[in-house]
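For the sequence shown, the residue numbers in mature numbering (1 follows the signal peptide of the UniProt record, and there is no 0) are -26 to -1, 1 to 439.
Ideal Cβ positions, reconstructed from N, Cα and C, are used throughout, including at glycine.
All values derive from a computational prediction rather than experimental measurement.
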Amino acid sequence: MSSKDQKGPKCPFRLTVGFCVLFVLADVPVPEQPELFLKKLQQCCTVFDFMDTLSDLKMKEYKRSTLNELVDYVTISRGYLTEQAYPEVVKMVSHNIFRTLPPSDSNEFDPEEDEPTLEASWPHLQLVYEFFIRFLESQEFQPSIAKKYIDQKFVLQLLELFDSEDPRERDYLKTVLHRIYGKFLGLRAFIRKQINNIFLRFVYETEHFNGVAELLEILGSIINGFALPLKAEHKQFLVKVLIPLHTVRSLSLFHAQLAYCIVQFLEKDPTLTEPVIRGLLKFWPKTCSQKEVMFLGELEEILDVIEPTQFVKIQEPLFKQISRCVSSPHFQVAERALYYWNNEYIMSLIEENSSVILPIMFASLYRISKEHWNPAIVALVYNVLKAFMEMNSTLFDELTATYKSDRQRSMQNTHSQTEATFWFRLCTYTAKVFTASRSIFSAFYDILRTNLSLEVYLTDLHSVS
């Protein structure tokens, strides 16, 4: 045996042909551990078929045990992360996690209703993700070496995995991508661009991507770290990508994360408030009450951080929409809109601008207080009217008088129109009857005349014969 073969840890026994059971890392001398670490990484590149639950049971268990050992080793050991380890780590991770995702069981798969398809190989996959996260978080990790192997191609494949139906995998992917974004400055712009592309395809082409919520959660942290003033590309991403995300049918699956990103942008740059609110009003749902409630909730989050100078710019179109929501026959939509008056900061903004907002809201509120079918809504409306009366009693009285006068005039006009319509229809009917009568008389006369002429003709004919 050569001297090269005698160096390093040996194989105590073989589990199967070509698969050697290696010593435990803790059982070999420290100088030999880095080499054994590499061997174990190479072994873990073998991927097993978990769809066949009875195949390779011993080897699957051995790999699971080895992965657990690797997780512990990178967590507590020092000096293991040699330059030779980087490509082997990335190779092992790539072999295990990068794969073609299975198609959904049905084209009608509904993430809100249907159970997701869980990854069969999760007993191994979870440990690979756990190992990779510990590797990225290691104090010995050097991005300058790792960037040769964790590159744009690696990131692209990683982003594709966010479409996995398994929420456990997406949660790990979220952590992995966040660590990569933090460690590799050269990949940041590329990651943002690719997320941008995923969202654009999602909105305008497929309307299907399982990992939107997780990617938005990562973006929330990224936006929070943006330097001021914001770059034009960041503002464009907000207006051209994040706002249109509100239009998709599956909004409820990621709305909380999306709203958080929007608010993060507005806290960074308050001047973006007007285009954001106008964008939301542009895409306001017309037929889905559930989405309306979500939009109202997001608007309240925005109003919680809005500056008074920005509020003035959008108060008219905003409260015209709120007025329509208050008038909604759907109980939850009306209730959610009326809850704005329970928010102290929003109330202070309304009070400062009551001369503009009260005339917009008054007619809807007054009408609902008299006509709405739900007593809870009527009670909320009375509270809002009371608040408006206390804010600006003079304007409130003027609007009340004007509303009643307009209402009375409208009723009179309606009565006059009804009466005029009645007489018009009566006259029209009479004319039609008269015309019909004349037509009948004329036809009858023609028949009589025709019959008389025929009788004379027959008489003459008879006399001739």
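Opening and closing residue of the alpha helix (DSSP H) in which residue i lies
i    : result
I217 : From DSSP, I217 is part of no alpha helix (DSSP H); its letter is neither H nor E.
C235 : 229 to 242
D137 : No alpha helix (DSSP H) contains D137, which DSSP labels as neither H nor E.
F105 : 96 to 111
A120 : 117 to 120
T283 : 282 to 300
M268 : 263 to 279
H69  : 59 to 71
G160 : First-last for G160: undefined, no H or E at that position.
Y356 : 349 to 365
D30  : Here D30 belongs to no alpha helix (DSSP H), and DSSP marks it neither H nor E.
V307 : 305 to 312
P249 : 247 to 256
E114 : Counting along the chain, E114 falls outside any alpha helix (DSSP H), and DSSP gives it neither H nor E.
P333 : 328 to 345
P8   : 7 to 17
G185 : Counting along the chain, G185 falls outside any alpha helix (DSSP H), and DSSP gives it neither H nor E.
E207 : 206 to 211
Presumed contact (8 Å Cβ cut-off) between residue i and residue j, rounded CB distance
i    : j    : result
E309 : I351 : 6 Å
V45  : E104 : 5 Å
S338 : L359 : So it is not a contact: roughly 11 Å between Cβ atoms.
V177 : V250 : Not quite, the Cβ-Cβ distance comes to about 16 Å (not below 8 Å), so this is no contact.
E114 : R52  : 7 Å
R133 : I172 : Just to set this straight, residue 133 is Leu in the shown sequence, not Arg. So it is a contact: roughly 7 Å between Cβ atoms.
M268 : H229 : 5 Å
F72  : D137 : Contact doesn't hold; Cβ gap of about 13 Å is too wide.
Y313 : I296 : So it is not a contact: roughly 11 Å between Cβ atoms.
L292 : F336 : About 16 Å separates the two Cβ atoms, so there is no contact after all.
P244 : E281 : 5 Å
Y123 : P61  : 5 Å
L240 : V279 : 6 Å
Residue j beta carbon less than 8 Å from that of residue i
i    : j     : result
A59  : L12   : yes
L101 : R38   : yes
G253 : V213  : yes
V63  : I107  : no
I320 : E290  : no
F158 : P117  : yes
E93  : D140  : yes
T40  : Q17   : yes
Y234 : G199  : no
A187 : Q238  : no
F285 : L332  : no
L15  : L(-2) : no
L202 : K242  : yes
S95  : F24   : yes
V215 : L161  : no
S263 : V330  : no
L369 : S328  : yes
K148 : E191  : yes
Counted within 10 angstroms of its Cβ, other Cβ atoms place residue i as buried (16 or more) or exposed
i      : result
P5     : exposed
K(-20) : Residue placement at K(-20) is poorly supported in this model, since its pLDDT is 47, which falls under 50; the coordinates are not used for a value here.
I236   : buried
E364   : exposed
T247   : buried
K127   : exposed
N70    : buried
I169   : buried
M66    : buried
S(-24) : At S(-24) the pLDDT is 38, less than 50, meaning the model places this residue with poor confidence and gives no usable figure here.
I50    : exposed
V(-10) : Low local confidence applies: a pLDDT of 47 at V(-10) is under 50, so the model's placement there is unreliable, with the coordinate-based value given in what follows. With fewer than 16 Cβ atoms within 10 Å of its Cβ, V(-10) is classed as exposed.
A311   : buried
V300   : buried
A120   : buried
E318   : exposed
K265   : buried
E57    : exposed
D(-22) : With a pLDDT of 42 at D(-22), under the threshold of 50, the modelled position of this residue cannot be trusted; read the value that follows with caution. Its Cβ having fewer than 16 others within 10 Å, D(-22) is exposed.
S379   : exposed
L31    : exposed
L354   : buried
Y356   : exposed
L28    : exposed
S302   : buried
Contact test: residue i Cβ vs the ligand MN heavy atom, cutoff 7 Å
i    : result
V267 : The model on display carries no ligand, and the ligand MN is accordingly not part of it.
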